[in-house]
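> Residue numbers (the UniProt record's numbering): 1 to 176.
Ideal Cβ placement from N, Cα and C applies to all residues, glycine included.
Handing you this structure, nothing more for now.
This is the structure we're talking about:
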């Protein structure tokens with residue numbers, strides 16, 4: 001069969017690391033949304049208004065960790081400083097041409113500061129569903145060894161599939 005017949009199906013499993021330590025109590029992670037900052041452009045030569053994105057600039061990015069129980073890791077990550085958070089997973093891919101399954105590594109690296117912590121709730125025989133919410137300052141997404149996204153707000157980096165959208169801005173500002 002011609003073409004790409006590999007169908008990405010699901011995340012098989014993942015691990016979370018903070019400053020290199022395995023966080024075994026994390027049940028799931030809500031990844032950040034990438035919402036471009038924008039401004040309305042209107043005036044002569046434009047039939048109406050256009051919401052125009054600001055090149056390489058993104059609004060607040062947050063991530064939320066949900067924990068099975070209250071733990072020292074939960075409270076350690078509440079410390080008001082930047083934390084290096086690393087999510088490493090394995091994604092399942094089906095090759096329709098060969099009729100076989102394979103795996104592809106996925107890695108999301110974050111530098112984030114805590115915004116809030118919720119201790120959750122107590123219920124007999126249940127998880128507490130405690131939560132940590134973080135403001136994301138840096139994100140890098142690698143799939144199969146290829147960097148798909150890298151945003152570093154303090155260093156003027158916004159790369160998508162290898163193209164740095166802020167390279168010319170850094171040059172214009174005398175930063176490179």
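(1) With C-beta atoms as the reference, is residue 111 less than 8 Å away from residue 137?
(2) So for residue 169, helix, strand or coil by DSSP?
(3) Pull up the distance between the alpha-carbon of residue 36 and that of residue 118, whole angstroms please.
(4) Kindly indicate which residue of 158, 97, 174 has the alpha-carbon position closest to the one of residue 59.
(5) So who's on the other strand from residue 195, going by DSSP bridges?
(6) Let me know the secondary structure DSSP gives residue 75 once reduced to three states.
(7) According to the neighbour-count rule (16 or more other Cβ atoms, all chains shown, within 10 Å of its Cβ), is residue 139 buried or exposed?
(8) What do you get for residue 130, buried or exposed, if any count of 16 or more other CB atoms within 10 angstroms of its CB means buried?
(9) Say yes only if the C-beta of residue 156 is nearer than 7 Å to one or more non-hydrogen atoms of the ligand MN, and no if none qualify.
(10) Tell me, please, whether the segment 48-56 touches the segment 155-173 by the rule of three or more beta-carbon pairs shorter than 8 Å.
(11) Which value, in whole angstroms, describes the spacing of the CA atoms of residue 102 and residue 9?
(12) State yes or no: is the C-beta of residue 77 within less than 8 Å of the C-beta of residue 132?
(13) Would you mind working out which of 127, 156, 97 sits nearest residue 28, comparing C-alpha positions?
(14) Pull up the distance between the alpha-carbon of residue 18 and that of residue 124, whole angstroms please.
(15) Mapping DSSP to helix, strand and coil, what is residue 155?
From the atom records:
(1) On the chain shown, residue 111 is found 111 positions in, with the first residue counted as 1. On the chain shown, residue 137 is found 137 positions in, with the first residue counted as 1. Their beta carbons are under 8 Å apart, which means residue 111 touches residue 137 by this criterion.
(2) Along the chain shown, read from residue 1 onward, the residue named residue 169 stands at position 169. Residue 169 falls in the helix class under three-state DSSP.
(3) On the chain shown, position 36 is the one that residue 36 refers to. On the chain shown, position 118 is the one that residue 118 refers to. Those two C-alpha atoms are separated by around 28 Å.
(4) In the chain shown, counting from the first residue as 1, residue 59 sits at position 59. Measuring from the Cα of residue 59, the nearest candidate turns out to be 158.
(5) Since the first residue shown for the chain is 1 and the last is 176, residue 195 is missing from the structure and cannot be characterised.
(6) Here residue 75 refers to the residue found at position 75 of the chain shown. Looking at residue 75 - three-state DSSP - the assignment turns out to be helix.
(7) The residue labelled residue 139 in the question sits at position 139 within the chain shown. Classification for residue 139: buried.
(8) Working through the chain shown from its first residue, we reach residue 130 at position 130. Buried: at least 16 other Cβ atoms inside 10 Å.
(9) Looking at this structure, you won't find the ligand MN or any other ligand, since it has none at all.
(10) yes
(11) Locating residue 102 in the chain shown gives position 102, counting from the first residue. Locating residue 9 in the chain shown gives position 9, counting from the first residue. Distance between the alpha carbons of residue 102 and residue 9 is about 10 Å.
(12) Start at 1 with the first residue of the chain shown, and residue 77 comes out as number 77. Start at 1 with the first residue of the chain shown, and residue 132 comes out as number 132. Result yes, Cβ atoms of residue 77 and residue 132 sit closer than 8 Å.
(13) Position 28 of the chain shown, counting from 1, holds the residue named residue 28. Among 127, 156, 97, the Cα nearest to that of residue 28 belongs to 127.
(14) Position 18 of the chain shown holds residue 18. Position 124 of the chain shown holds residue 124. Cα-Cα distance, rounded: 29 Å.
(15) Taking the chain shown and counting its residues from 1, the one referred to as residue 155 is at position 155. Residue 155: helix per DSSP, three-state reduction.
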